[in-house]
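Q:
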Amino acid sequence: MEHARYAHPRQTPYPSSRSISIIVASMFSSRRQARIVLVLLVLGAVLAAVFSGASYSSSSSASASASAASSSWLRHLRRSVLSERSLAAVLPAWAHLTASFLLARQAPIVVLRQGTLLGTIRDDADFPHPLEAFLGVPYALPPTGERRFARPEPVESSSRKIDASQYGLRCIAGSLDGNDWGEDCLTANIFRPMGTKAGQKLPVVVYFHGGAFNLGAGRFHNTAALLAWSEKPFIALNFNYRLGAFGFLSGELMAASNMLNTGLYDQLMLLKWVQQNIEQFGGDPNQVTIMGLSAGAHSIGHQVMYTKNGGRPLFHRALMESGATTARAVFPPKAPLPSVQFDEFALASGCSNVARGQMISCLRKQSVRTVGQASIDVFNRYNPSDRWAFQPVIDGQIIRVAPISAWESGTWNEIPILTGFNTDEGSPFTPTRLGTSEEFTKFFKELIPALSESDLKELNKLYPDPAVNRKSPYYDTRPIDVGSQYKRGTAAYGQYAYICPIQQTAYHASASQSAPVFLYHWAVNTTVKGGASHADQSAYELYNPGIRKISKTQNLLAGYLHAYFTSFVTTGDPNAIKGRYADRPRWAPFTPGEKSGTMVIGEGNDERAGGNSIGVVARMGNISYTKEECDFWWKRTILSES
């Protein structure tokens, strides 16, 4: 399932013992006092080491012992106060921000119209330096009571103090276990370099989490790590939006009440909140990049199309991982499937016996646990891949027309876009026991009922049946327990749902010539079964230490991807910021045609899947290998949007 790929980050809301400078500084109101105490600590450690050495050896050996001990302690202090050695290339860009690091207060403060935020320090052991964090910050009124299912309303002005030291509730998704979920979940988490002040005009990155519009939470993406290792400082932000039936309940009644796609309107409200408030955090409202994975990337695509016209731009660049507006299905609200799913949800919520006109009122009166469990149950009934419940629909407003029609008519916000796909996008979503050609055909007939018999025949020809043709590229010889049609199914589903729609984004967006488009293909094999699976690149983009320790090649893969992504989100060009990985290949913009221009990352690498091939870390290539398959799916995109 998609949500299995989103992991909780390591959360350290308060300073660890290693951050000596922060703790000392927080104890004193005087900068001079803080400096004096730090100097005394250093001198005390040196003297302690000298006397310790004298008690165990001669004066000469004591001197050596003292020197070694003091040097070791000073190295530890330098790592705590400044950074580890690998940060050396970063220091020039961060210098003006880290200069005040020793003098920083423990609890950063930001004053907004909605109140005074009392933040905290994010001091993860695997970060090169701590960050300031403001967690669980409301960006809309709680969507409870009569606001359940309705569009979000802006936060109100206040002079109150707001504790922003802990994550807020996650929106209801996946499970009702624990006590970290609730309807009052429309909050954002903001991270910034130590010492950042209002008005510094740093670039801003807003992360949209994924999860099939039914799972996940903003905090599950370690956006702070993306910032902490960046060569160039910026303001990082992730957030929650309503999921499942709370954010994407559809059908005729919801359409008549103007309550479709409320989860997308939550996202829009967040972007407006960023424009109004990010300067107070030190960000530049004219340098906002939106970034997201899977459903987060689908969402970004819809926002790119919605914000084509009118008013001040809410964002200026987009990074879309494994997602697109034309991915999977985007139905009109009165289509049969959303209507059936509405009725199933009403039944599970205990509101199926009331008059039709009273159903929404009934659903609003039910307990949050009742409605939440009903949403989860209906989603699971259609999960993992058979026509998921509670998805965005064509409402005539935020999604004005079928996405493919918007592309064809040129109705999108022409901004720099970086997007891409993984080789085996379909592996988490294809039935593992898919075992016969009949099951393969049935799977796609249920997925896309509008496919004709001739379409299905062409589909079977395009993806040769391994049961009758051992030369088929889908003949599976891997030593894993899967059905004989699994490899075939993952290829076809992955190209239908992700790879071809993403290429569609690249082709259409690059046709305008007004802003560059950059396309990637992630090819690192992580497991024998999954290959280069959906969301596998996430740990690499965060410069994850666990990944980097595996091998020199894995370190380069993480370093290159993080460098490309952070360079793009801060400048609009994945090549602009050189830093630690200045020798990485130049990423050329995408251009339609045989020499399309695709950055292929990790081709042939199978180290994590138990192999010994390191492959090629990065090279410019093309996407010709899927041309015939994508031609097939592109011609049938409208079948999933009508």
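Residue 1 is where the sequence shown starts when you use the UniProt record's numbering, and the numbers rise one by one after that. Even glycine gets a Cβ: it sits at the ideal position worked out from N, Cα and C.
Give the straight-line distance between the Cα atoms of V24 and G602, rounded to the nearest whole angstrom.
A: Counting from 1 along the sequence shown, the entry for residue 24 is found at position 24. Counting from 1 along the sequence shown, the entry for residue 602 is found at position 602. Since pLDDT at V24 reaches only 43, below the 50 mark, its modelled position is unreliable, and no value is offered.
Q: Can you tell me the Cβ-Cβ gap for residue 648 and L271, rounded? I've got them flagged as a contact below 8 Å.
A: Residue 648 cannot be examined here, being either before or after the span of the chain that is shown, 1 to 642.
Q: For the putative contact between G251 and F342, defined by C-beta atoms under 8 Å, what is the C-beta separation to the nearest angstrom?
A: The residue labelled residue 251 in the question sits at position 251 within the sequence shown. The residue labelled residue 342 in the question sits at position 342 within the sequence shown. G251 to F342, Cβ: 3 Å. Contact.
Q: Should P333 and M269 be called a contact, given that it needs their Cβ atoms to be closer than 8 Å?
A: Along the sequence shown, read from residue 1 onward, the residue named residue 333 stands at position 333. Along the sequence shown, read from residue 1 onward, the residue named residue 269 stands at position 269. No, Cβ-Cβ distance for P333 and M269 is not below 8 Å.
Q: In terms of residues, what are the limits of the beta strand (DSSP E) holding H521?
A: Here residue 521 refers to the residue found at position 521 when the sequence shown is read from its first residue. Start and end: V517 to W522.
Q: I'd like to know whether the C-beta atoms of I235 and R170 end up nearer to each other than 8 Å.
A: What you label residue 235 is simply residue 235 of the sequence shown in a count that begins at 1. What you label residue 170 is simply residue 170 of the sequence shown in a count that begins at 1. No, these two residues do not count as a Cβ contact at 8 Å.
Q: Give the range of the beta strand (DSSP E) segment to which F191 is assigned.
A: Start at 1 with the first residue of the sequence shown, and residue 191 comes out as number 191. Note, F191: beta strand (DSSP E), T187 to P193.
Q: On the three-state DSSP scale, how would you describe P585?
A: The residue you call residue 585 lines up with position 585 of the sequence shown. DSSP places P585 in coil when its eight states are reduced to three.
Q: Are the stretch 616-635 and the stretch 576-593 touching by the rule of at least three beta carbon pairs closer than 8 Å?
A: They touch, by the three-pair rule.
Q: Is it the case that the Cβ atoms of G244 and F390 are separated by a distance below 8 Å?
A: Taking the sequence shown and counting its residues from 1, one reaches residue 244 at position 244. Taking the sequence shown and counting its residues from 1, one reaches residue 390 at position 390. Yes, Cβ-Cβ distance for G244 and F390 is below 8 Å.
Q: Put V378 into one of helix, strand or coil per three-state DSSP.
A: Locating residue 378 in the sequence shown gives position 378, where the first residue counts as 1. Reduced to three states, the DSSP call for V378 is helix.
Q: Starting from E603, trace the alpha helix (DSSP H) both ways and give me its first and last residue.
A: Locating residue 603 in the sequence shown gives position 603, counting from the first residue. From DSSP, E603 is part of no alpha helix (DSSP H) but of the beta strand (DSSP E) over T598 to E603.
Q: Going by beta-carbon coordinates alone, are S157 and Q114 separated by less than 8 Å?
A: In the sequence shown, residue 157 corresponds to position 157, counting from 1. In the sequence shown, residue 114 corresponds to position 114, counting from 1. In this structure, Q114 lies closer than 8 Å to S157 by Cβ.
Q: Less than 8 Å between the C-beta atoms of Y581 and A225, yes or no?
A: To locate residue 581, count along the sequence shown from 1; it is residue 581. To locate residue 225, count along the sequence shown from 1; it is residue 225. Cβ distance not < 8 Å, so Y581 and A225 don't count as in contact.
Q: Pick from A324, T598 and G611: whose alpha carbon is nearest that of V528?
A: Here residue 528 corresponds to residue number 528 of the sequence shown, with the count starting at 1. Per the Cα distances, G611.
Q: How close, in whole Å, do the beta carbons of A140 and P152 come, if the pair is a contact with beta carbons under 8 Å?
A: What you label residue 140 is simply residue 140 of the sequence shown in a count that begins at 1. What you label residue 152 is simply residue 152 of the sequence shown in a count that begins at 1. Confirmed, about 4 Å.
Q: For V111, count neighbouring Cβ atoms within 10 angstroms of its own Cβ and tell me buried if that reaches 16, exposed if not.
A: Along the sequence shown, one-based indexing puts residue 111 at 111. V111 is exposed by the Cβ-count criterion.
Q: If distances are taken between C-alpha atoms only, which option among L135, Q267 and V288 comes closest to F315?
A: Within the sequence shown, the letter at position 315 stands for residue 315. That would be V288, whose Cα lies nearest to the Cα of F315.
Q: Report the option in H562, I290 and Q200 whose CA atom is closest to the CA atom of E231.
A: The residue labelled residue 231 in the question sits at position 231 within the sequence shown. For E231, the nearest C-alpha among the options comes from H562.
Q: Beta-carbon within less than 6 Å of A374's beta-carbon, same chain only, minus the 5 sequence neighbours each way: which residues are those?
A: Taking the first residue of the sequence shown as position 1, residue 374 is located at position 374. F345, A348 and S349, listed in sequence order.
Q: So, M320 versus T505, is the Cβ gap smaller than 8 Å?
A: Within the sequence shown, residue 320 is the residue found at index 320, counting from 1. Within the sequence shown, residue 505 is the residue found at index 505, counting from 1. It is a contact, given that the beta carbons lie within the stated cut-off.
Q: Grouping DSSP H, G and I as helix and E and B as strand, with all else coil, what is T626?
A: Stepping through the sequence shown from its first residue, residue 626 is reached at position 626. Helix.
Q: What span of residues does the alpha helix (DSSP H) with G494 cover, start to end?
A: Taking the first residue of the sequence shown as 1, we reach residue 494 at position 494. Its alpha helix (DSSP H) spans residues Y486 to G494.
Q: Put W181 into one of helix, strand or coil per three-state DSSP.
A: Sequence index remark: in the sequence shown, residue 181 carries index 181 (1-based). Here W181 sits in strand by DSSP.
Q: Where DSSP assigns a beta bridge to residue 644, which residues make up the other side?
A: Beyond the ends of the chain as shown, which are 1 and 642, falls residue 644; an answer cannot be given.
Q: Is it true that the CB of N189 sits closer than 8 Å to the CB of L135?
A: Here residue 135 refers to the residue found at position 135 when the sequence shown is read from its first residue. Here residue 189 refers to the residue found at position 189 when the sequence shown is read from its first residue. Yes.
Q: Can we count L270 as close to the ligand FMN, meaning its CB is less than 7 Å from some heavy atom?
A: In the structure on display, the ligand FMN does not appear, and there are no ligands present to speak of.
Q: What would DSSP say about Q287, mapped onto helix, strand or coil?
A: As a first step, residue 287 is located in the sequence shown; it is residue number 287 there, counting from the start. Looking at Q287 - three-state DSSP - the assignment turns out to be strand.
Q: Just tell me which of P143, W181 and G489 has its CA closest to the CA of T432.
A: For this step, residue 432 is matched to residue 432 along the sequence shown. When only C-alpha atoms are compared, the closest one is G489.
Q: Going by DSSP, name the residue or residues bridged to K161.
A: If you number the sequence shown from 1, residue 161 lands on position 161. In DSSP, K161 forms a bridge with T116.
Q: Tell me, to the nearest whole angstrom, how far the beta carbon of F208 is from that of S322; I am working on the premise that it is less than 8 Å.
A: Here the question's residue 208 lines up with position 208 in the sequence shown. Here the question's residue 322 lines up with position 322 in the sequence shown. Not confirmed; about 12 Å, so no contact.
Q: Quick check: the stretch 443-462 against the stretch 507-520, are at least 3 beta-carbon pairs closer than 8 Å?
A: Taking 8 Å as the limit for Cβ pairs, the verdict is that the stretch 443-462 does not touch the stretch 507-520.
Q: Okay, do the stretch 498-512 and the stretch 628-642 touch, 3+ Cβ pairs below 8 Å being the bar?
A: Short answer: they touch.
Q: Measuring alpha carbon to alpha carbon, tell me which of I547, V401 and F568 ends up nearest T526.
A: Position 526 of the sequence shown, counting from 1, holds the residue named residue 526. Minimum Cα distance to T526 is reached at I547.
Q: Note down, in chain order, each residue of its chain lying with its Cβ closer than 7 Å to the Cβ of T411, except the 5 sequence neighbours on either side.
A: On the sequence shown, position 411 is the one that residue 411 refers to. Only M305 and K308 meet the Cβ criterion.
Q: Which residue marks the beginning of the alpha helix (DSSP H) containing G244, and which one marks its end?
A: Here residue 244 refers to the residue found at position 244 of the sequence shown. Its alpha helix (DSSP H) spans residues G244 to F248.
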